[in-house]
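Okay, structure first, notes after.
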Ligand SMILES: Nc1ncnc2c1ncn2[C@@H]1O[C@H](COP(=O)(O)OP(=O)(O)O)[C@@H](O)[C@H]1O
Ligand SMILES: [Mg+2]
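The structure is reproduced here in structure tokens:
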């Protein structure tokens with residue numbers, strides 16, 4: 033069965049909002065705040081300075097000016113610290129491939145004789161959001177545990193690719209175990225399968241379970257949107 037495109041309904045408002053990464057948003061806010069609020073505060077400080085000179089000898093007014101100047105300086109310092117933070121902000125990313133590979137190595141390290149295989153398609157995005165990566169990793173991890181513990185699998189294959197021409201990630205976990213009892217799991221899915229479905233659902237995707245091709249074992253297929261993040265844009 034080839035992966036099929038699934039049409040997800042999404043809130044109408046979300047459709048028209050251009051995708052911006054947290055890094056891009058941070059830089060935008062830093063630029064805007066610098067050119068507007070920070071400039072105004074700096075100008076206010078200069079104006080206060082000349083006002084102070086005009087108030088020479090008027091102690092009450094000078095005290096008021098000192099207070100105004102202190103609070104303006106504080107606002108400017110806070111804002112500058114915020115600008116630095118916004119500038120340094122990065123879209124938090126995780127490398128899902130490393131997470132999955134590490135999971136396999138850890139299982140090997142605990143002495144399992146199960147063979148693991150990881151196939152990653154060329155077009156798999158180099159960087160994706162931490163949320164997507166971590167949820168995908170946890171779904172794969174549960175599918176591997178099920179294959180080993182329920183299916184008694186000797187081999188588990190994980191294949192990761194993108195649907196042609198889209199940013200839908202398709203992760204397929206195939207085992208050679210006893211196979212899942214479709215009726216049993218449809219009637220009474222355990223928390224593991226429900227959790228996998230919820231995780232995929234949170235990302236706007238889904239999970240399907242079926243008999244593996246070839247008549248033995250189980251195949252779990254996860255389809256989630258996985259737009260690459262932070263890729264350098266042409267010209268900018
Ligand atoms: N890969 C698999 N091979 C065989 N049976 C499976 C597999 N995955 C799930 N199952 C069956 O589906 C049931 C529900 O799995 P799951 O929701 O993960 O709950 P749990 O692992 O807590 O039992 C399992 O108890 C098992 O009977
Ligand atoms: Mg389970």
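In this note's numbering, the protein residues as written are 33 to 268. Backbone N, C-alpha and C define an ideal beta-carbon position, used for all residues, glycine too.
| Query | Result |
| --- | --- |
| Pair within 8 Å by beta-carbon distance, residue 244 and residue 250 | yes |
| Residue closest to residue 77, alpha-carbon to alpha-carbon, out of 68, 147, 105 | 105 |
| Residue 207 in three-state terms, based on DSSP | strand |
| Check your reading: residues with Cβ closer than 5 Å to ligand 2 heavy atoms | 178, 224 |
| Beta-carbon proximity list for residue 74, same chain, < 7 Å, skipping 5 on both sides | 108 |
| Cβ pair residue 152, residue 166 closer than 8 Å | no |
| The beta strand (DSSP E) enclosing residue 191, as first and last residue numbers | 187-194 |
| CB-CB length for residue 29 against residue 169, believed under 8 Å | The displayed coordinates of the chain run from 33 to 268. Any statement about residue 29 would go beyond what the structure contains. |
| Unbroken beta strand (DSSP E) run spanning residue 150, endpoints | 147-152 |
| Counterpart residues of residue 8 in DSSP-defined beta bridges | Only positions 33 to 268 of the chain appear in the structure, and residue 8 is not among them; the question remains open. |
| Residue nearest to residue 242 in terms of C-alpha spacing, selected from 248, 85, 252, 233 | 252 |
| Sub-8 Å separation of residue 100 and residue 70 beta-carbons | no |
| Chain-order list of residues whose beta-carbon lies under 8 Å from that of residue 184 (same chain, five-residue window excluded) | 209, 210 |
| Residue 230 burial status per 10 Å Cβ neighbour count (16 or more: buried) | exposed |
| Same chain, Cβ closer than 8 Å to residue 135, five either side skipped, listed in chain order | 169, 172, 173, 176 |
| Cβ neighbour criterion (16 or more within 10 Å) applied to residue 254 | buried |
| Distance, residue 56 Cα to residue 66 Cα | 15 Å |
| Proximal residues to residue 148 (C-beta, below 6 Å), its chain only, five neighbours per side dropped | 136, 188 |
| Between the CA atoms of residue 201 and residue 160 - distance to the nearest angstrom | 11 Å |
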